[in-house]
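Have a look at the structure below before the remarks.
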Amino acid sequence: MRRTFARLLGWLEHRVGLETAARKFLYEDVPASSGWPQVFGSVALFLFLVQAFTGLLLAFNYAPTPGDAYNSLQYIIREVTAGRLIRGLHHWGASMMIIVVVLHMTQVFLWGAYKKPREATWIVGVVLLLITLSYGLTGYLLPWDNRAYWGTVVTTQLVTKTPLIGPYLGRLLGTDGSIGVVTFTRFYALHVLLLPPLTTFLIALHVYLVRKHGVTPAPGDAAPRKKFFPEQVFKDTVAIFAAFAVLFLLAVVAEAPLERLADPTDTTYIPRPEWYFLFLFQLLKLFQGPLEVLASTVLPMAAVAVLFAVPFVDRTRLRRVTERTAALSLVALSGVAWTGLTVAAVVTTPRPTQGSASGGVSEWQALSPEELAGIGYFRRENCAACHSVGEGGAKIGPDLAHTAIRKDAAWMIAHFKNPAEVVPGSSMPPIQLSDAQLNALAAFLLQLTPRNARALISAPDFAVEGAMIYQANRCGACHIVNGVGMKVGPPLNGLRGRRSREWVRAHFVDPQKLSPGSIMPPYRFSPREMERITNYLMALP
Amino acid sequence: MQPPDEERRNFCVACIYALWGAITAALGVPAAAYLLAPPRARQESDWVEAGEVARLPVGVPEEVVFRRIRRDGWRVVSEKASAWVIRRHDGSLTAFAPQCTHLGCAYQWDEHKQNFLCPCHASTFDLEGNVLSGPAPRALDRYAVRLEGGKLLLGPVRSSRSGAA
């Protein structure tokens, strides 16, 4: 076995010089002073490869059009084996890559490793940083959920406000006033067709330059040089493994967000960019009116220009890290500014409205639990992909808030089950829901009018999910909400005035303990279900 | 006894192999499952109505076209499908899936020769779906069949490979 392997290697060595090349790469001389601080470059390269690999896997099941993107992503998450994990690795890998790339740059900056003759290596590195951020920006739109849509609306609006070239940049991104199929396709093309080969080329160039000039030795490092393999490779591998372990754990434990299907009519959505762009978002708030261009264009451009200029401005001789007071303070200052802006952005993000704190009753609060649950099925089945609701617009199906197409529940349910039979020529796919769920969907649609459509369709998720849990557990068989249900148990309207949240939770777990003689059975909700149904009940008017 | 330097070197090399092995496995196994394992929660489509039994000729195969709902990846599609249905003299019904078991071409009933003929590689099948000649490896696949109120209902296709036919 071993001999066969050796012969195979010998054959390859003879034909392509594999062993010589590998040896040359691994037995490169590195300064004795290099060690743990120099591992970040390898980790960044590894994370790029993970992104390329998981991105390729996702592309096998992902349909890059606004009509299908969201559904195919749900298919990946819910139905494809290990799909949730692969998507998690890609999502969290993106964030992790940004962190590691910034750590790598900080290390190079602090060590002064950009100095002559390594200016070109630094410049290519800065371009790679910008490309990494571009991946984040273009990939953000691809799930085509509300988060993606609204986040990108803000970004593209900013881009089009760039002085002079703004309108052209906007046109290049396909955003002439709004975001649609053209923008989506261009972002996808940038994300998977342009950026990866560009990154591969620049990484190759970067590594070539690092090899050409060698790793920067610490000042006064006169010790004999050592080989890259195995000691530095060992350190790189340990760091890569640690980063991968964190990434894998995140992908398993923390679910990558996927919100509702992108809804351009949702007026309640609060758009926020990905965490690493929050500082820019917050900066924008500090400069308003004519000064806005400072935060949107001038300052970011200046920051990039400064990064490029670093090796040409600082031409002093190499010194120890601990002696580089100016560099250290600059990094500390940037860190503080970034953290301050990011924290401010997080703190000032308003929470989605939970119930009617102001006293008035929202439109959704007047719905019966069944009707409200219908909104959930409306979202789950992505009806809004083909139907507009009170907004008009050019979608495949008719506007559902329009009274002209108003039918009764029996017609609707027959139509849901077999659209083409009820409306000949309809290209609507059949809805695969249980009868109870179809009833809820029809009940909701019957409540829609052009006046209330917008408010109903943007009912908060917690309430809709709460109502779905209420329906699924047949709470209405004993309780009454908004006049619908039975009177075996107490009516649930105004519950928040009578009981505390903790009481409601405890009551679900063991009703007899808190209400002796009650015939209500105990409910074993998951923590999320418990939170949703309690919030819903506490929000009832 | 190895010198300490050599020992340290061996330790480093062993760790490099072990850690890269773990990373490769942690990425490779899910990737293989992602590409090769069948998707979860795929609902088998229910029984579909394929017309009145009384309208079928007795003893002669009839191509029946019907609409069915199928999950196609992330889509639910309503599509046309067909079956070769034989209503036998004893009243029993057989419905063959319309693809040849060789390479999936659509076969036809040859009135003249009283057998099914596949136009691609000339496989022929008898009225029971058994292979008479040609490269087809096994008998025709069949739909599960049910009668309800004089209507023909077709269920999932059962492969003749599994012996269900």
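Which chain is which? The protein sequence lines are S and P, in order. Counting from 1 along the first sequence, just add 1 to a position and that's the residue number in our numbering. Counting from 1 along the second sequence, just add 15 to a position and that's the residue number in our numbering. C-beta: ideal position from N, C-alpha, C; glycine also. All of these numbers come straight from a predicted model, not from anything done at the bench.
At a CB-CB cut-off below 9 Å, which residues of chain P make contact with residue 87 of chain S? The contacting residues are 45, 46, 49.
Cβ of residue 202 of chain S less than 7 Å from any chain P Cβ? No, its Cβ sits nowhere closer than 7 Å to a Cβ of chain P.
Would residue 280 of chain S count as contacting chain P if we go by Cβ distances under 7 Å? Chain P contact via Cβ: absent.
When Cβ atoms are compared, which residues of the region 77-103 of chain S fall closer than 9 Å to chain P? So the close ones are 77, 79, 80, 81, 82, 83, 84, 86, 87, 90.
Between the Cα of residue 38 of chain S and those of S:50, S:322, S:142, S:12, spot the shortest distance and give me the residue it belongs to. The option with the nearest alpha carbon to residue 38 of chain S is S:322.
With 16 other Cβ atoms within 10 Å as the buried cut-off, status of residue 448 of chain S: Classification of residue 448 of chain S: buried, given that the 10 Å Cβ count is 16 or more.
Shorter than 7 Å from the beta carbon of residue 424 of chain S to some beta carbon of chain P? Using a Cβ-Cβ cut-off of 7 Å, residue 424 of chain S does not count as an interface residue toward chain P, since no Cβ of chain P sits closer than that to its own.
In the DSSP assignment, the beta strand (DSSP E) including residue 95 of chain P goes from what residue to what residue? DSSP places residue 95 of chain P in the uninterrupted beta strand (DSSP E) bounded by 90-102.
Could you round the C-beta distance between residue 463 of chain S and residue 536 of chain S to whole angstroms and report it? I think they count as a contact, below 8 Å. With a Cβ gap of about 5 Å, residue 463 of chain S and residue 536 of chain S count as contacting.
Would you give the residue range spanned by the alpha helix (DSSP H) that residue 176 of chain P belongs to? Where residue 176 of chain P is concerned, there is no enclosing alpha helix (DSSP H), given that its DSSP letter is neither H nor E.
Cα separation between residue 91 of chain S and residue 174 of chain P? Looking at the two C-alpha atoms, the distance is approximately 39 Å.
Collapsed DSSP secondary structure at residue 13 of chain P in the structure displayed: A query on residue 13 of chain P cannot be resolved here, the shown segment of chain P reaching from 16 to 180 and no further.
Nonlocal neighbours in the same chain, by C-beta distance under 6 Å from residue 9 of chain S, ignoring five residues either side: Same-chain partners within the cutoff: there are none.
N- and C-terminal bounds of the beta strand (DSSP E) containing residue 148 of chain P: Where residue 148 of chain P is concerned, the enclosing beta strand (DSSP E) stretches over 146-148.
Since residue 162 of chain P contacts residue 68 of chain P with CB under 8 Å, what's their CB separation in whole angstroms? The Cβ separation is near 6 Å, so the contact holds.
Sorry if obvious, but does the Cβ on residue 375 of chain S come closer than 6 Å to a heavy atom of the ligand PLP? The ligand PLP is not part of the structure shown, which contains no ligands of any sort.
Restricting to Cα atoms, I'd like to know which of S:513, S:506, S:515 is closest to residue 526 of chain S. Of the listed residues, the one whose Cα sits closest to residue 526 of chain S is S:506.
So residue 93 of chain P contacts chain S; which residues on that side make the cut at Cβ distance below 8 Å? Here the neighbours are 419, 420, 421, 430, 431.
Limits of the beta strand (DSSP E) - the one that residue 494 of chain S falls within: The continuous stretches of beta strand (DSSP E) do not include residue 494 of chain S, and DSSP gives it neither H nor E.
Could you check if residue 62 of chain S is buried or exposed, using at least 16 other CB atoms within 10 Å of its CB as the buried criterion? Residue environment for residue 62 of chain S: buried (at least 16 other C-beta atoms within 10 angstroms of its C-beta).
Pick from S:85, S:11, S:94, S:70: whose alpha carbon is nearest that of residue 50 of chain S? Of S:85, S:11, S:94, S:70, the residue nearest in Cα terms is S:94.
Under 7 Å from the C-beta of residue 84 of chain P: neighbouring residues of chain S: Result: 431.
Could you tell me which chain P residues have their CB closer than 8 Å to the CB of residue 20 of chain S, listed as they occur along the chain? What residue 20 of chain S touches in chain P: nothing, since even the nearest Cβ is about 16 Å away.
Simplified DSSP state of residue 262 of chain S, which is helix, strand or coil: The three-state secondary structure of residue 262 of chain S, taken from DSSP, is strand.
Give a yes or no on whether the C-beta atoms belonging to residue 368 of chain S and residue 388 of chain S are separated by under 7 Å. Not in contact: residue 368 of chain S and residue 388 of chain S (Cβ atoms no closer than 7 Å).
First and last residue of the uninterrupted alpha helix (DSSP H) at residue 78 of chain S: Run containing residue 78 of chain S: 70-79, per the alpha helix (DSSP H) assignment.
Given a limit of 7 Å on CB to CB distance, which residues of the region 220-238 of chain S reach chain P? Under the 7 Å Cβ criterion, the region 220-238 of chain S contributes 231, 232, 234, 235, 238.
Can you find a CB in chain P that lies within less than 7 Å of the CB of residue 58 of chain S? At least one CB atom of chain P sits nearer than 7 Å to the CB of residue 58 of chain S.
Of the residues P:145, P:136, P:80, P:132, the one placed nearest residue 169 of chain P, counting alpha carbons only: For the residues P:145, P:136, P:80, P:132, the minimum Cα distance to residue 169 of chain P belongs to P:80.
Measure the C-alpha to C-alpha separation of residue 415 of chain S and residue 87 of chain S and round it to an integer number of angstroms. Distance between the alpha carbons of residue 415 of chain S and residue 87 of chain S: 39 Å.
Cβ-based neighbour list, residue 59 of chain S, same chain, cut-off 8 Å, excluding 5 preceding and 5 following: Taken in chain order, the residues that qualify are 77, 87, 88, 91.
Would you kindly check if the distance between the Cβ of residue 442 of chain S and the Cβ of residue 375 of chain S is under 7 Å? Taking C-beta atoms as the reference points, residue 375 of chain S and residue 442 of chain S count as a pair closer than 7 Å.
Would you check if the distance between the CB atom of residue 342 of chain S and the CB atom of residue 280 of chain S is smaller than 7 Å? Yes, Cβ-Cβ distance for residue 342 of chain S and residue 280 of chain S is below 7 Å.
Quick one, which residues of the region 245-269 of chain S are near chain P if we go by CB-CB under 7 Å, in chain order? Residues of the region 245-269 of chain S whose Cβ lies closer than 7 Å to any Cβ of chain P, in chain order: 245, 249.
Look up residue 158 of chain P in the DSSP assignment and say whether it is helix, strand or coil. Three-state result, residue 158 of chain P: strand.
Using a beta-carbon distance cut-off of less than 8 Å, what residues from the region 64-76 of chain S approach chain P? Cβ contacts with chain P come from 64, 69, 72, 73, 75, 76.
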